[in-house]
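Numbering (our numbering), first residue to last: 201 to 294.
Shown next, in the form of C-alpha cells:
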C-alpha cells in the first residue's frame, strides 16, 4: 500500500500488540485500518482502571493533610515592587 501523503512511497507494516500498523518511512505517518484503533484503546482502558485505583488511594492520603498547601508556600513573598523614582533621587549620585 502506498502512503496517501507521499507520492509513490511504499508503507511498512509493523505489528504492535497484535495490531498491524502501516507506517510511512518517508513522512513517518501512521495509518490504521478500520477497527485497529479500538483494539489499541481496549488495552489502555484496562491499564487506566489499574492506575485510577492506585492513585485514588494516594489522593485520599494526601487529603489527610489539609495544611500542606498552606505550608508549601510559606516564606515566599513574591516579587517586590520597585520604588518609584522622584527628582530627589538625582542627588543620590553625589
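For glycine and all other residues, C-beta sits at the position ideal for the given N, C-alpha and C. As the structure is a computational prediction, the values presented were derived from the model and not from experiment.
- prompt: Skipping 5 residues on each side, what residues in its chain have a beta carbon closer than 7 Å to that of residue 219?
  reply: Result list for residue 219: 236, 239, 240, in chain order.
Nearest residue (CA-CA) to residue 230, options 246, 213, 217: With distances taken between Cα atoms, residue 230 lies closest to 213.
query: For residue 217, which of helix, strand or coil comes out of DSSP?
result: It is coil, neither helix nor strand.
query: Looking at C-alpha atoms only, which residue of 221, 256, 227, 250 is the closest neighbour of residue 207?
result: Checking every option, the nearest Cα to that of residue 207 belongs to 227.
task: Go ahead and label residue 201 buried or exposed: buried means 16 or more other beta carbons lie within 10 angstroms of its beta carbon, across all protein chains shown.
output: Here residue 201 is exposed: its Cβ has fewer than 16 other Cβ atoms, across all protein chains shown, within 10 Å.
- request: Would you identify the three-state DSSP class for residue 248, choosing helix, strand or coil?
  value: It is helical.
message: Tell me the DSSP secondary structure of residue 222 in three-state form.
response: Here residue 222 sits in strand by DSSP.
query: Just how far apart, CA to CA, sit residue 224 and residue 216?
result: Near 15 Å, if we compare the C-alpha coordinates of residue 216 and residue 224.
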